[in-house]
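Residue numbers (my numbering), protein chains in the order written: chain S, 44 to 326; chain E, 321 to 631.
Even for Gly, the Cβ is constructed at its ideal location relative to N, Cα and C.
Keep in mind the model is a prediction, meaning the values are calculated, not measured.
Structure, as structure tokens:
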Amino acid sequence: MNKNSLWKDAFYRLAQDKLALISILIVFLYFFVALFSGLGWIASNWSQEVGASNLAPSFDHLLGTDIFGRSVLQKVIRGTQVAMSVGAAAALIAIPIGVILGALAGYFGGWIDDFVTWLYTTFSSVPNIMLLISITLILGKGIFSVYVALGATSWVNLCRLIRGEVLKHKEREYVQAAGAIGGGHMRKLFRHILPNVSHIVIINTSMQFQTAIKSEVILSYLGLGVQGEPSWGTMIDDAKLELVRGVWWQLAGATLAMFFILLAFNILGDALRDALDPKLKGK
Amino acid sequence: MTKYIIRRLLYMIPVLLGVSLIIFVLFNLVSGDPTAVLLGKNATARQMADLREQLGLNKSLWLQYLDVVKSAFTFDFGHSWATKQEISKMILQGAYPSLCLSVPAFVISTVLSLFISLFVAYYRGKGIDLFIRVLCIAGMSISALAYILFFQWFFAFKLGWFEISGFDPEFPHFISYVALPAIIWIVLSIGPDVRFFRTVILDEIYQDYVRTARSKGLSEFTILLRHVLRNALIPIITYVVIQIPSLILGALLLENFFSIPGLGGMTLNALNASDFPVMKAMAILSSVGYILFGLLSDILYTIADPRIKFN
């Protein structure tokens, strides 16, 4: 008999996957950089002049300086804080909404299902970019609006997946057994079904995180995102005018910072799916 | 089948009402008084009241919602606040440049991705397969903005192979303007496309009928083109069809960077000018497109795969 649980199995499978391990390491690294920056331990003096204007990368200034003589590296770090906070906030908003609505719809069916299906069909009918720019425009520019906009768009996919999965599970024997020994609806749903579909939350969050980061960069580039603080998007916006004068390091810094975290989430998303959902392997 | 289509068409109504509700809540309920923004700091209370009347903002909320719903069915979006032009005319004008860019880019990138994914499926598990997969994932991890900036700077500014920005509606001339944004579009979409197509094709390759075909002595090449591709086309077609409405919106960022006077650029201008009617119109129009093509893609799916029942 195989005593290993799904999570244990998944853990062993992940542990054998070197690329996935490196990706997890990168994700943690970014989280700590964001956290330390948020606590003011690093890059808190990003707005101070550290040298002449537009210095090329050197040993003193690893990523050079911007037009005001500020360190590009410190700006990249502040940008990391913004990007990671947006990803986390989007997940924190999307997971409760997506899981609860999806679970209720899949489990109870009837008018609840009709309503939830209508709700996510409606939300997924408006193209994401239109919804994102509309919400940030209306709520006012700033990081808070970006959180709300990304939260409002990223629960949809999760809700649909959870609903479908709960729908499959609710007729299974283990749920019937739980009912036979007197378990109520809430017990069946939250104690028995949800733990069995929770891997979807993890896989989906890993995918959503990179969408959130990409969206934040585009919104910030459009001037709708974080104000008065550097973000990867505003750095790329600056680079638009600098590139002609041969100043490439802001673009390179922001793009590289974004590249590694997106790559890590891309690889991790695939690895998590293979590890947690063997049926879907390779899909 | 007809019954299924009719039912799906009828289901469009509550979804359109819902989309109108989202847009109404955002632009009419949450947004606050737009007249202060439109008239500037020196506006008198009298001017603001007049403008509110003129824009129909004095109507009851219920009537304002009905206006949004009406525009979703009639495509009559009223006038722009910024340019005072009729929005439906602006959309018709902007559609042409957008389509000049998006249609060729979309067709080329889809066909190219299909070829590449067939190629990697043929060499599955070999070095070239791995190489292209790594390239796809790496390519997808670079910001779209970085591609646009770099390509525009390198190919248009540095090498001077293409126009840096602008547009010319005449047939052979517009190519020099849309070529570079189209190339960027293709580079941007090949990564996700190849990844998806490859997965779909590989799903089919391990099916029993492929083993049968192989044991009949068919060559791997014939199997791939005659058997595997035909079955893999079902999910591929739906994947492609569902993307068509985004062509209407064009590529927001590409049009913005290359000053192409299309619908994407129009939307971003409206965004900068807080031109609510144009934003609303584009949100409604693109949603209607999504709903219609979503329906079309479902119908194609059921036609292509008779095993799917209509319920």
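If you check each beta-carbon in the stretch 612-623 of chain E against every beta-carbon of chain S, the ones closer than 8 angstroms belong to G614.
According to the DSSP secondary-structure assignment, T108(S) is paired through a beta bridge with S114(S).
Per the coordinates, the alpha-carbon of S496(E) lies some 42 angstroms from the alpha-carbon of I69(S). Minimum Cα-Cα distance from F482(E) among the listed residues A502(E), S380(E), V427(E) corresponds to A502(E). When DSSP states are grouped into helix, strand and coil, E483(E) belongs to the coil group. With a cut-off of 8 angstroms on Cβ pairs, the stretch 324-338 of chain E is in contact with the stretch 615-622 of chain E, counting three or more such pairs. According to the DSSP assignment, W154(S) belongs to the alpha helix (DSSP H) that extends over 153-168. As the crow flies, the alpha-carbon of S114(S) is around 6 angstroms from that of G107(S).
For C202(S), same chain residues with a beta-carbon under 6 angstroms away, outside a window of 5 residues either side, are G141, L144, G145, Y163 in chain order. The count of Cβ pairs closer than 8 angstroms, one atom from the stretch 573-581 of chain E and one from the stretch 555-565 of chain E, stays below three, leaving the stretches out of contact. Comparing C-alpha distances from A137(S) to each of N247(S), A307(S), I261(S) shows the shortest one belongs to N247(S). With respect to chain E, the C-beta atom of L64(S) has no partner C-beta closer than 9 angstroms. In this chain, the alpha helix (DSSP H) harbouring P238(S) covers 237-264. Scanning its chain for C-beta atoms nearer than 6 angstroms, with the 5 sequence neighbours on each side dropped, one finds around S579(E) the residues S485, G486, in chain order.
About 17 angstroms separates the CB atoms of W505(E) and A415(E); that is not less than 8 angstroms, and the two are not in contact. Shortest Cα-Cα distance from S594(E) to any of L64(S), D60(S), S177(S) involves S177(S). Under the Cβ criterion of 9 angstroms, N592(E) is counted among the residues facing chain S.
Here the stretch 93-102 of chain S lies against the stretch 285-295 of chain S, with 3 or more beta-carbon pairs under 8 angstroms apart. For chain E, none of the residues of the stretch 209-221 of chain S brings a beta carbon within less than 8 angstroms of one of its beta carbons. Secondary structure note for L450(E): its alpha helix (DSSP H) is the uninterrupted segment 447-460. With a threshold of 9 angstroms between beta carbons, F252(S) makes no contact with chain E.
When the Cα atoms are used, L232(S) and A77(S) turn out to be separated by approximately 36 angstroms. In terms of beta-carbon proximity, V115(S) stays away from the interface with chain E, with every pair separated by 9 angstroms or more. Rounded to whole angstroms, D157(S) and Y331(E) show a C-alpha spacing of 11 angstroms. Going by DSSP, P492(E) is part of the alpha helix (DSSP H) stretching over 491-525. Buried is the label assigned to M173(S), since at least 16 other Cβ atoms lie within 10 Å of its Cβ.
For I495(E), there are no neighbours in chain S by C-beta distance under 7 angstroms, as the nearest C-beta there is about 25 angstroms away. At the C-beta level, F517(E) and S461(E) stay beyond 9 angstroms of one another.
Here the alpha carbon of S263(S) sits roughly 29 angstroms from the alpha carbon of I65(S). For I543(E), same chain residues with a beta-carbon under 8 angstroms away, outside a window of 5 residues either side, are V530, A533, R534 in chain order. In the DSSP assignment, Y442(E) falls within the unbroken alpha helix (DSSP H) covering 407-442.
Annotated three-state conformation of E214(S) is coil, per DSSP.
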